[in-house]
Every structure is written in C-alpha cells, then in structure tokens.
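A quick write-up on the structure given underneath.
In our numbering, the protein residues as written are 1 to 630.
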C-alpha cells in the first residue's frame, strides 16, 4: 500500500519498507506529507525523526561515513550460545548470514557450520565448527564499515577462488585509501569444486561481475587478481568450452585486469584462504599467452639490453638461429652479446626472444605513445627495431584481440570521390585546416579541436581550444604553423564563417598564401584532416574518463602517436618526412648507453639532406601511386 501511496517518490527521494519510510532528499518532506494525507494516513510524532545524522534502518546503522550492522543485533549474534543441534545451527546461520555482505569470504568461513545442514550429514560439532563459529562472531562484533559507492570514481573488483567457494570484494579509493563497498561469497557445488585453477578463477570473475552489475556495467573498472593467467584470458582467441563462453559473457564490460601477487594483494589477503586452496602464486605458474609470451613478469619486462641478452640466452628459437647463422637468406649476427638479423639493405634489427614479444607489442600498440594504432602502423613501429619469426601474424593477432580497439573503434566505410589528381608538392606547401566540435567541456573549458595536416608529409598539428572564432583560428595559423614551419603556399579551409571571414582572409593576404575552399568535385581536399579527427577520437576514447571531460589531456598523446606512425599513403611516418627523424619510444632509450654521437655538423647535415631527399622522393612516388589506385 505504501508503495502505491508514495508512487513517483519511491527510489527517487525515499525508500519504503512496510510502514517505514526513509526520506533521503532535501526539501521534499512536504510533498511526502501531502501524498500521505491525501491517502488518509497520519504520522505519529514520537515515531518520526527529522534531520538525523545517524539512522537505524532494517537492522543497519547509517551515517555519513557508511553502513554498519546495527549494534543491538550484532550483540544478539555475539551472545548466541554454542549450537547443540541442527535447528540452532540454522538459526545462527540465518542470523549471521543477514550481514554476510559485511564479512569478507563469509561462505568459506561458515562452510564447516553450513555443511551440517546438508541432508544425510551426521551431527558433529567439532573443532572446525567451533573455530568457524567464533570467527564469524568476532568478524561481526567488530562492526565492519561499508562505504557508500561514489559513481564518479572507478571501482575495483577483487576476486578469489578455492575448492571451497568463490569470494569477491567491491572496493573504491575515495581519497582515504581503498575502502570496501560490499563483500560477497558462495560455496562451490561438487561440480565446480573440480574445476581447474584457471576455471575456478574465471568462474569467480563471471559470478562477481554479474552480482555487482549495477555498479560495474557501463563504467570502466579494475579487476584485481592474483592469478596471472586471467591477464590474457580476454585477449586469447584459442579458448574453448566454458572458458570461451565466460569470455564472451565478459565482453560487455569495460575493465582492466591488474595482476597483484597474493602477498601484496591486501584485500585478497583479507579473504581467509581455506586450507584446500588450489590456486598457487603466479610465480609458480607457466601459463602461456596465445602470442607465446609468458603471462608473468616476462610480458611486462623492459626491453633493455641486459634483459634482452638474458632472455636470448634462454630462448631456444634464438639459439637455433645463432647456430644456423641465417634465416631466409638473411644473416644472423651477434654484436655486443645481442643477437641481430641483418636486412638486405644492411640495417640490423634485434631478434626478440619469445618472453619479450608482449612487451614490444604492448609498447607499440597499447601505450600512450602508440594510442592503439591499427595493424599496419603497429607492425611498422615494432619492425623498426625488432624481429622474430612470423612477427606480422603475431602483431595482427595482438591488435585483433585488443579489447579496447574492438569495443571503441568503428571501422568506417571509405568514401572514394571521383578521380582527380591533387598533386603532391613539397613539405609546408599546402596545409588543410578544420575544426572538430563541440565536444564535452573539459576541466580547462576546452570544447573544440583545431587541426591542420600537411599534404606532402601528413604531419599534423592539433590543439584543444574553448572557442573557434576567426581570431582563434588566425592565432593558431600564426603560432602553430607559420612561426614553426614558415608560411605555406596554399591553405585549404572549408566555408565556415570563422574560416572564411575577413580576419583569416587578411592574414592569408599578408602571408602571400592562397586560400582554397573545397568544391563539390574535390571534397577530398579536407579528407586528410577529417580523417585525422576520426583517428584521434578513436585513440583518445580508450583513455578518457567516464565523464569524457579530460579528452584534451590525451589529445597531445594521440598527435604524437599519429605523427610517429607510418602512414599508409607515403610509407613513412609524418615526423620522418617533416623533421628528418622518427620518434623514439622509452624502451629504445634503454638500449643505448648515452647520447648518440653524430660527428661533424657538416657531415651530419649532408647525411640528413640526402636521407630526407630519398624519403621525400619515395613518399611522392607512393602518394602518386595511392592517388592512381583511388
């Protein structure tokens, strides 16, 4: 009846249980009183409490800090006498079970007692039952506090599995360290108890994610586990049976698996580990990723010379290549104790051992320096420094199995305009400029992105701005383009007022720059910069917060990755064609002893000019070929 009387208010500003009404919003008491009076109901003053800082509700004590078990009911559990038969055991389990979400791993702790309730079990109150009885009473006597969830902050889900049961803890760092939001646990059935190590841990994840779905669905969260194999479970394409079904069930959630050893996993450590636990420490496991890299420390290793030397010495494939001295007509050599493969042009690449494949793939695809580039660009980044047999296939599998790329990026259908040659030109001859937005407002009040792309090199400059007036565009052209690269011959702009107005026109006249506007038969003139806008949004979407108010923080990373990646049309990275060198990654610095000596400046200049000329010629040929193919 009360639900009908307060219809429209329940769950919005009040909670109702029988005749108990808890109003939790400000300024809505009068509206509740009006609806109660309209139904002919009255309130007894002695049973009402207003503006309370603490509230006892349905056996729980609520205050500003969180939720606790109510002290009077906890006292009943504390004073409960030792059970003497099944009936008393049932009463205790039901009483204590009401607060099971406050006790970590409740099911496993209560297992010695609850097994007495099974059909056909002979009554016997032994040491294990007595220990479990006192353990539960102590856990509740401490009146554990559960914090309120803050949906503006990320959640952490910690899971645990054993032959006895499954456990989970939903936690959150609200500025005072990691605090529990809720605990959950369950006893395994005889069938589940026979699962393998990985299956038990995966079963715990699937069960916990489904249980806490209202908190986790639609939000990115962190899954903490002490089982290293779960790090590659979501990316493996070689699963079968129930593991494959579970992986599919988890696809709709957005989470990052973080491995933390049991010894350093504070929450998991608090989950009492039963003697029958079957999951061992990750350092004792030999789980293998589908790409061949170990799921333990090897997959996260740094690509320093010492690490490469150590792993190459233990890698059978590398040692076999050294003994043969060649692979596919290319020489295998050892320089400074590091194994290299010599390409036909004389360049050398490090033969990367299996244990470090994942580290190279992660840095050249998953990191903020790469921003989840597609397969060709990822392969080109890896191939600049490293080589291993069938590397292209491994790169393709890694990118295809990338969960962030699969859920965030959309493969757009390419629109090919009528064939008209646009010319190639030289660097800084022609730039295309466009504005993207409005976008979600950031903390810096930015709402738009102004971007410019050089036609010859595909080099891109982009900044986040709060406005895009004609003055803002003119300032961008001068400060970010002209004062860095010099005046351009042509500037391609669309017909937007801020781009085609008097301010920009006066600036282009001053710079002796020809202003070009796309016409219907040449819509691809702005295609380069529009494609960049699509690319940076794909990259940034993987890193932004749920509120999307920090995209401007990640925009420079996306620009860096875009300029450092090999472009499909030129065959070179934009930075190589514009600046004469490719962008390095942090791991490359680990492989050099110090600052590289370039010799005399005159010789370096000649070498640089010769190299850039060769790159420019190759890029022009590639661009012309690309236009003919279209």
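Ideal Cβ placement from N, Cα and C applies to all residues, glycine included. None of these values were measured; they are calculated from a predicted model.
According to DSSP, is residue i part of a helix, a strand, or is it coil?
i	result
residue 87	helix
residue 22	strand
residue 336	coil
residue 48	coil
residue 331	strand
residue 122	coil
residue 188	coil
residue 82	coil
residue 449	strand
residue 95	helix
residue 284	Here the model assigns residue 284 a pLDDT of 29, short of 50, so the residue's position is not dependable and the matter cannot be decided.
residue 416	Unreliable placement is indicated for residue 416, whose pLDDT of 45 sits below 50; the coordinate value is still reported in the next sentence. Coil at residue 416, not helix or strand.
residue 372	coil
residue 512	coil
residue 382	helix
residue 387	strand
residue 221	strand
residue 179	strand
residue 342	strand
residue 523	At residue 523, the pLDDT of 44 sits below 50, so the modelled position is not reliable and the matter cannot be decided from this model.
residue 215	helix
residue 394	helix
residue 401	coil
residue 494	coil
residue 133	helix
residue 349	strand
Specify, as a first and last residue, the run of the alpha helix (DSSP H) that residue i falls within.
i	result
residue 563	551–564
residue 476	470–476
residue 539	527–541
residue 114	106–114
residue 575	574–579
residue 305	305–314
residue 241	241–249
residue 361	357–361
residue 365	Here residue 365 belongs to no alpha helix (DSSP H), and DSSP marks it neither H nor E.
residue 431	Not the alpha helix (DSSP H): residue 431 falls in the beta strand (DSSP E), residues 430–436.
residue 172	Element bounds for residue 172: not the alpha helix (DSSP H) but the beta strand (DSSP E), 165–173.
residue 34	29–38
residue 498	497–500
residue 688	With the chain covering 1 to 630 only, the question about residue 688 has no answer from this structure.
Excluding the 5 residues preceding and the 5 following residue i in the sequence, name in chain order all residues of the same chain whose CB lies nearer than 6 Å to its CB.
i	result
residue 457	427, 574, 577, 578
residue 200	161
residue 212	170
residue 300	The pLDDT assigned to residue 300 is 42, lower than 50, so where the model puts this residue is not dependable; a value taken from the coordinates is nonetheless given after this. For residue 300, where only same-chain residues beyond five positions count, there are no Cβ hits under 6 Å.
residue 438	447
residue 325	332
residue 62	55
residue 435	448, 450, 468
residue 184	168, 211
residue 100	106
residue 543	554
residue 480	461
Is residue i buried or exposed, if buried means 16 or more other CB atoms sit within 10 Å of its CB?
i	result
residue 121	exposed
residue 334	exposed
residue 271	Legend: pLDDT at residue 271 = 36, less than 50; position of this residue unreliable, value from coordinates given subsequently. It counts as buried.
residue 188	buried
residue 86	exposed
residue 49	exposed
residue 226	buried
residue 312	buried
residue 17	exposed
residue 38	exposed
residue 496	exposed
residue 554	buried
residue 84	exposed
residue 244	exposed
residue 217	exposed
Tell me which residues share the same chain as residue i and place their Cβ nearer than 7 Å to its Cβ, disregarding the 5 neighbours each side in the sequence.
i	result
residue 337	309
residue 561	369, 370, 371, 373, 539
residue 255	220, 221, 222, 223
Which residues in the same chain have their Cβ closer than 8 Å to the Cβ of residue i, if we skip the five residues on either side of it in sequence?
i	result
residue 9	28, 31, 32, 35
residue 93	110, 113, 114, 117
residue 340	332, 333, 334, 348, 349, 350, 351
residue 472	450, 465, 498
Along the beta strand (DSSP E) that carries residue i, what are the first and last residues, could you check?
i	result
residue 69	67–69
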